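When we follow our numbering, the leftmost residue of the sequence shown carries the number 286, and every step to the right adds one.
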Amino acid sequence: MTLSSRHLAATFAVSFSLLAASSAWAADKLAAADASMLKDIAQANMAEVETGKLALEKSTSPEIKKFAQMMVDDHSKGLADVKTLASAKGTELPDGPDVKHKATALEFKALSGDMFNSRYAKQAGVGDHEATEKLLKKTQAEAKDADLKALAGKMLPIVQGHLQHARQLVATTDKK
């Protein structure tokens with residue numbers, strides 16, 4: 286084999302390897318609808334972490350603080366799982382909460398005492414977890430990607446547990 290034929294063979298081998306790798310990578314990319322659901326799941330986790338941290342700072346209620354710490358811990362883990370999947374699927378995630386969740390955070394920052402505790406339990410606790418539960422069920426039902434469906438299935442019981450806990454918090458904070 287001459288030098289030029291070896292060079293040509295090497296070039297074909299490298300080109301074929303790159304083509305095969307890019308085809309495999311493209312097969313792993315999420316469909317637009319699946320990518321959108323993954324981004325929404327990321328937003329939900331980011332918002333829970335942010336409002337949980339705020340509740341840890343502002344609340345004087347031991348029950349609210351315990352719930353808030355659980356939100357920070359569990360949703361940080363959930364966000365890490367979302368980021369891992371997004372990276373594997375070539376999906377770019379937002380780097381922070383969306384406008385709606387930023388507005389909620391501003392609202393919470395303006396509140397204090399029992400008013401803060403009540404709004405946090407009702408909105409971040411019950412309201413946001415109801416929305417996330419709905420999103421995860423939709424993802425399980427409609428997503429095309431098996432890994433995304435599996436992630437939603439893994440997160441759903443955790444979110445449902447949070448929702449149940451939040452409803453108990455609302456009942457407790459409403460009595461005060």
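Glycine included, each C-beta is placed from N, C-alpha and C at the ideal position. As the structure is a prediction and not an experimental result, all values here were calculated from the model.
Original post:
Starting from G438 and walking both ways along the alpha helix (DSSP H), at which residues does that stretch end?
Top reply: Mapped onto the sequence shown, residue 438 falls at position 153. Segment A431 to K460, the alpha helix (DSSP H) holding G438.
Original post:
By how many angstroms is the C-alpha of E415 removed from the C-alpha of T424?
Top reply: Start at 1 with the first residue of the sequence shown, and residue 424 comes out as number 139. Start at 1 with the first residue of the sequence shown, and residue 415 comes out as number 130. Taking the Cα positions, T424 is about 14 angstroms away from E415.
Subject >> Local Cβ density within 10 Å of L433, reported as buried at 16 or more and exposed below that >> reply: Within the sequence shown, residue 433 is the residue found at index 148, counting from 1. Per the 10 Å Cβ criterion, buried.
Subject >> Same chain, Cβ closer than 8 angstroms to V455, neighbours up to 5 away in sequence not counted >> reply: The residue you call residue 455 lines up with position 170 of the sequence shown. S403, A406, K407, G410 and V411.
Original post:
If you check the beta carbons only, do G381 and K387 fall under 9 angstroms apart?
Top reply: Mapped onto the sequence shown, residue 381 falls at position 96. Mapped onto the sequence shown, residue 387 falls at position 102. Taking 9 angstroms as the Cβ cut-off, G381 and K387 qualify as a contacting pair.
Subject >> Three-way DSSP call (helix, strand, coil) for A428 in this model >> reply: For the purposes of this step, residue 428 is identified with residue 143 of the sequence shown, where counting begins at 1. In the structure shown, A428 sits in coil (DSSP, three-state: anything other than H, G, I, E or B).
Subject >> Residue of A451, L436, E392 and T376 minimising C-alpha distance to L421 >> reply: If you number the sequence shown from 1, residue 421 lands on position 136. Comparing Cα positions, the closest option is L436.
**OP:** Could you name the residues of the same chain whose beta carbon sits closer than 6 angstroms to that of A329, not counting the 5 residues immediately before and after it, in chain order?
**Re:** Taking the sequence shown and counting its residues from 1, one reaches residue 329 at position 44. Once the five neighbours on either side are set aside, the close Cβ partners of A329 are T417.
Subject >> Contact under 9 angstroms by Cβ, D358 with K429 >> reply: In the sequence shown, counting from the first residue as 1, residue 358 sits at position 73. In the sequence shown, counting from the first residue as 1, residue 429 sits at position 144. Result no, Cβ atoms of D358 and K429 do not sit closer than 9 angstroms.
Subject >> From L396, F401 and K362, residue whose alpha carbon lies closest to that of I443 >> reply: Position 158 of the sequence shown, counted from the first residue, corresponds to residue 443. Nearest of L396, F401 and K362 to I443, Cα basis: K362.
Original post:
DSSP on P347, reduced to helix/strand/coil?
Top reply: Counting from one through the sequence shown, the residue named residue 347 turns up at place 62. It is helical.
Subject >> CA-to-CA distance, K351 to H450, given in whole angstroms >> reply: Locating residue 450 in the sequence shown gives position 165, where the first residue counts as 1. Locating residue 351 in the sequence shown gives position 66, where the first residue counts as 1. Here the alpha carbon of H450 sits roughly 11 angstroms from the alpha carbon of K351.
Original post:
Is L378 buried or exposed, if buried means 16 or more other CB atoms sit within 10 Å of its CB?
Top reply: Looking up residue 378 in the sequence shown gives position 93. With 16 or more other Cβ atoms within 10 Å, it is buried.
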